[in-house]
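Scroll down for the structure; my scribbles are underneath it.
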Amino acid sequence: MTRYLPGGGHAGERLPGALRVFCFPYAGGAASTYARWQRLLGLEVEVLPVQLPGREGRMAEKRFTNLPALVDELDRELGPELEHPHVLFGHSMGALIAFALAERRLIQGSRPAEAVLLSAYRAPHLPPPEFAAPDATEHELVESLVRLGGIPQVLLDHPDWLSALLPIARDDLLMCSGPGPSGTVPLPMPVHTFAGTEDLLVTPDEVRQWDRYAEGDFGMRMVPGGHFFIRESEQEFLVELRDILGGLTERRFALI
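Basically the numbering used here = 1-based index in the sequence shown + 3.
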C-alpha cells in the first residue's frame with residue numbers, strides 16, 4: 004500500500020464493491036482531517052484520506068511546492084488504487100489537487116473518477132485566493148489563519164505545535180499560487196461543489212464558476228459556516244456529502 008494512504012484504506016468493515024472516496028487536505032492540513040468520516044459516512048463507501056509529504060507521519064519528507072510535480076507523483080503512487088470505482092474530494096487546496104488529478108487521468112486515458120467533489124476553492128481560471136503574501140511574517144500568517152478559522156484553539160495554546168504548522172501552510176500556499184491545471188479538458192463525470200455561507204476567502208460565485216469545467220452534471224451546495232465549514236459544520240456538510248455519495252452508490256449497486 005502506498006505511503007499516500009496512511010490508513011491502508013482497509014480498516015473496518017466495508018460492503019463488497021464499496022465506492023472509494025479519496026480525500027485531499029486543505030493548505031496546512033493532513034489526512035487526520037478526515038479521520039472520522041468513515042464512521043460517519045457508512046459502509047457503502049471506503050474513505051481514503053490522502054497524506055501528502057511533509058506532515059504528520061511523513062513530516063521528515065520534503066513538501067511539494069509545485070502542483071504538476073505533486074500530481075505526477077500522486078498519479079504514480081495512487082494509480083493502482085484508482086483502478087477501482089472512486090470519487091475524488093478536496094477541500095480548498097485539496098480541491099485544486101483533486102481537479103488536477105482528475106484532469107491528468109483523463110488526458111492520459113486512465114480510469115476516470117465516478118465524480119469529482121470540489122469544496123471551498125475558486126475555479127482555476129480565477130486568480131488564487133488572496134490569503135497571505137509569500138513573504139508574510141509568521142504573525143501575519145497566523146492572523147490570516149485565525150481570521151478564517153483555520154487554526155484550532157489547541158494549536159494557539161501550544162506555540163511549538165503552531166510553529167510546526169506554519170512552514171507547511173506556507174509551502175502549500177506557494178503551491179497554490181504556482182502553475183495549476185490546464186483546464187483544457189472538460190470533466191465528463193458529475194462535478195459537485197460546496198461553498199460556505201460565511202466564507203471570507205472564497206465566494207459562492209467563485210465556486211460556481213467550476214461549471215465551465217464540467218461537461219456533464221454540475222451542482223453547488225451551500226453549507227453554513229466559514230472557509231473551514233467541513234470542520235465548523237461537519238454534521239451539516241456530511242449530510243450533503245452523504246446525499247451525493249448515496250446517489251452514486253445506489254446507481255452502482257443497481258448495476259452490479
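Idealized CB from N, CA, C, for every residue including glycine.
Owing to the predicted nature of the structure, the values given are computational and were not obtained by experimental measurement.
- Its chain contains Leu169 as the residues whose beta carbon lies nearer than 7 Å to that of Glu141, once the 5 sequence neighbours on both sides are disregarded; these appear in chain order.
- Contact check between the region 214-230 and the region 155-164: fewer than three CB pairs, one atom from each, fall below 8 Å, which does not count as touching.
- Annotated three-state conformation of Gly153 is coil, per DSSP.
- Comparing alpha carbon positions, the residue from Pro9, Leu8 and Leu46 closest to Pro19 is Leu46.
- Close CB contacts of Glu209 within its chain, under the 7 Å cut and outside five residues either way in sequence, are with Arg125, Ala126 and Leu129 (chain order).
- Note that the region 139-155 does not touch the region 101-118; fewer than 3 beta-carbon pairs, one per stretch, sit closer than 8 Å.
- In this structure the region 179-199 lies against the region 93-110, because at least three pairs of beta carbons, one per stretch, are closer than 8 Å.
- Counting C-beta pairs with one atom in each stretch, the region 18-32 and the region 62-74 have fewer than three that are closer than 8 Å, which means they do not touch.
- Within the DSSP bridge table, the entry for Thr196 names Leu121 and Met223 as partners.
- Counting along the chain, Leu51 sits inside the beta strand (DSSP E) bounded by residues Val48 to Pro52.
- Just measuring C-alpha positions, the residue of Ala198, Ala98 and Arg211 sitting nearest His230 is Ala198.
- The beta carbon of Glu235 is closer than 7 Å to those of Gly152, Gly228 and Gly229 in its chain, skipping five residues each way along the sequence.
- For Val90, no alpha helix (DSSP H) segment is defined; the enclosing uninterrupted segment is the beta strand (DSSP E) at His89 to His94.
- A residue is called buried when at least 16 other Cβ atoms come within 10 angstroms of its Cβ; Gln111 does not meet this threshold and is exposed.
- Going by beta carbons, Glu59 and Arg6 fall outside the 9 Å limit.
- For Ala103, the three-state secondary structure derived from DSSP is helix.
- Cβ-Cβ distances below 6 Å link Ile100 to Phe27 and Gly93 in the same chain, with the five nearest sequence neighbours on each side left out; the list follows chain order.
- The residues Asp174, Leu177 and Met178, in chain order, have a CB closer than 6 Å to that of Thr68 in the same chain once the five nearest residues on each side in sequence are set aside.
- Closest in C-alpha terms to Val205, from the list Ala98, Leu8, Gln54 and Leu44, comes Ala98.
- Put simply, the backbone Cα of Glu84 is about 18 Å away from that of Thr252.
- Using a 10 angstroms sphere on the CB of Met62, the tally of other CB atoms stays under 16, which defines it as exposed.
- DSSP, reduced to helix, strand and coil, places Ala38 outside both helices and strands of the structure shown, so it counts as coil.
- The C-alpha of Ala139 is placed about 14 Å away from the C-alpha of Ser180.
- Judged by DSSP secondary structure, Leu165 falls within the alpha helix (DSSP H) whose first and last residues are Pro162 to Cys179.
- Looking from the CA of Met223, the closest CA among Pro131, Ala123, Pro132 and Ile154 belongs to Ala123.
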